[in-house]
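For the numbering used here, add 111 to where a residue sits in the sequence shown, where the first one is 1.
In this text, a Cβ means the ideal position worked out from N, Cα and C, and glycines have one as well.
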Amino acid sequence: MRFCPVVSGSSGNSVYIGTDYTHLLIDAGVSGKIIQAGLSVLNVEGAMLDGIFVTHEHSDHIKGVGVLSRRFDLPIYATEGTWNAMENSLGQIARKNKKIIYSGEKLEINDLVISPFDIPHDAAEPVGYSVMAGDIKMTVATDLGHITDSVKNGIADSDILLLEANHDINMLKSGTYPYSLKQRILGEFGHLANENAGRLLSQMTTKRLKHVFLGHLSAENNTPSLAYKAVENILNENGIKVGRDFSMEMASRHSVSRCIEL
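1. Closer than 8 Å by C-beta to serine 180: which residues in its own chain qualify, once you throw out the five before and the five after it? Chain order, please.
2. Grouping DSSP H, G and I as helix and E and B as strand, with all else coil, what is proline 237?
3. My understanding is that leucine 320 touches aspartate 254, with C-beta atoms under 8 Å, so please give their C-beta distance in whole angstroms.
4. Find the nearest neighbour of phenylalanine 114 within the set Pro231, Gly177, Gly286 and Asp131, judged by alpha-carbon distance.
5. Kindly indicate the opening and closing residues of the alpha helix (DSSP H) around glycine 309.
6. Can you grab the Cα-Cα spacing for the pair leucine 292 / glycine 143, in whole Å?
7. Within the continuous alpha helix (DSSP H) that includes phenylalanine 183, where are the two ends?
8. Mind checking who arginine 113 pairs with in its DSSP beta bridge?
9. Compare the Cα-Cα distances from alanine 338 to each of Asp229, Val118 and Phe324 and report the closest residue.
10. Would the beta-carbon of asparagine 305 fall within 9 Å of that of asparagine 349?
11. Just to confirm my understanding: we take methionine 112, look at its own chain, exclude 5 residues before and 5 after, and list those with CB closer than 6 Å. What are they?
12. Under DSSP, the beta strand (DSSP E) around histidine 134 begins and ends at which residues?
13. Note the first and the last residue of the continuous beta strand (DSSP E) segment covering alanine 362.
14. Using only the alpha-carbon positions, how far apart do threonine 259 and glutamate 299 sit?
15. Just verifying my parser: in three-state terms, what is the DSSP assignment at serine 226?
16. Rounded to whole angstroms, what's the CA-CA distance from serine 261 to threonine 287? Just pull it up for me.
17. Give the range of the alpha helix (DSSP H) segment to which glutamate 343 is assigned.
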């Protein structure tokens with residue numbers, strides 16, 4: 112089973128999760144051309160994909176969804192609220208490729224089991240995803256306004272985790288964003304700050320956890336080094352050591368990150 116962030120950041124997000132038999136994307140928030148180029152690095156062709164799972168309707172998660180579905184006849188999986196919010200942005204989608212999923216209900220595609228879970232974000236009906244092959248669990252949890260039981264349950268016992276570390280609070284507060292946008296990002300349905308990512312990760316670390324990607328960084332209000340250090344410091348305060356308890360790295364904004372295979 113492979114977990115590979117294709118792109119991750121405020122400008123666009125997509126994650127490839129696959130086995131020898133099944134190939135999935137979680138989100139496609141950049142152009143179809145960029146997604147295909149990223150997949151080619153992984154020796155995956157667009158025609159090999161079994162579907163795209165969408166977390167929510169914001170453009171940095173759906174920009175390439177419609178074109179990929181049309182180009183490769185791919186099913187698109189999303190909650191009903193997300194479908195209602197994004198359908199007009201996708202262009203023409205074949206009826207058979209419109210798949211509605213429900214938070215808390217598992218879906219099997221070949222040898223993978225996909226479990227959507229509720230996330231607190233200012234979108235219609237957003238979800239994160241955990242994906243299992245046998246007893247291996249890989250999870251994508253971004254766009255988190257705050258930490259909820261649903262998020263914790265979704266992340267629990269993951270082997271691989273992509274976790275949002277969106278912004279440095281001081282950079283955001285002193286930056287050029289309008290006050291209303293700053294309040295949205297800092298709010299209960301905005302994005303997860305570096306320190307809060309560290310707190311969540313320190314609560315969810317188990318012996319099963321092997322690798323963490325920190326992702327969905329703001330280009331304007333964060334840097335990879337700030338995010339990494341902030342999370343690492345909070346882990347250290349809680350007796351958790353990167354490199355001993357699990358490995359951790361930043362997901363790349365514009366190129367395919369390291370592929371983790373279990």
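For this structure:
1. The residue labelled residue 180 in the question sits at position 69 within the sequence shown. Ile163, Pro186, Ile187, Leu201, Ile204, Ala205 and Asn208.
2. Position 126 of the sequence shown holds residue 237. Note: proline 237 maps to coil in three-state DSSP.
3. Along the sequence shown, read from residue 1 onward, the residue named residue 320 stands at position 209. Along the sequence shown, read from residue 1 onward, the residue named residue 254 stands at position 143. With 8 Å as the limit, leucine 320 and aspartate 254 do not qualify as a contact, their Cβ atoms being about 21 Å apart.
4. On the sequence shown, residue 114 is found 3 positions in, with the first residue counted as 1. Residue Asp131 is the option with its Cα nearest to phenylalanine 114.
5. In the sequence shown, the residue the question calls residue 309 occupies position 198. First-last of the alpha helix (DSSP H) with glycine 309: 305 to 315.
6. Along the sequence shown, one-based indexing puts residue 292 at 181. Along the sequence shown, one-based indexing puts residue 143 at 32. The alpha-carbon atoms of leucine 292 and glycine 143 are separated by roughly 29 Å.
7. Your numbering for residue 183 matches position 72 in the sequence shown. First-last of the alpha helix (DSSP H) with phenylalanine 183: 176 to 183.
8. Here residue 113 is taken as the residue at index 2 of the sequence shown, counted from 1. Bridge partners of arginine 113: Gly129 and Glu372.
9. Along the sequence shown, one-based indexing puts residue 338 at 227. Selected option, being the one with the closest Cα: Phe324.
10. As a position in the sequence shown, residue 305 is number 194, starting the count at 1. As a position in the sequence shown, residue 349 is number 238, starting the count at 1. The answer is no: Cβ separation not under 9 Å.
11. In the sequence shown, the residue the question calls residue 112 occupies position 1. For methionine 112, where only same-chain residues beyond five positions count, the Cβ hits under 6 Å are Thr130, Ala244, Ile247 and Leu373.
12. Stepping through the sequence shown from its first residue, residue 134 is reached at position 23. Run containing histidine 134: 134 to 137, per the beta strand (DSSP E) assignment.
13. For this step, residue 362 is matched to residue 251 along the sequence shown. Per DSSP, alanine 362 belongs to no beta strand (DSSP E) and is neither H nor E.
14. Mapped onto the sequence shown, residue 259 falls at position 148. Mapped onto the sequence shown, residue 299 falls at position 188. Cα to Cα, the separation comes out at about 10 Å.
15. Numbered from 1 along the sequence shown, position 115 holds the residue referred to as residue 226. Note: serine 226 maps to strand in three-state DSSP.
16. Looking up residue 261 in the sequence shown gives position 150. Looking up residue 287 in the sequence shown gives position 176. Rounded to the nearest angstrom, the two C-alpha atoms are 33 Å apart.
17. Within the sequence shown, residue 343 is the residue found at index 232, counting from 1. Residues 335 to 348.
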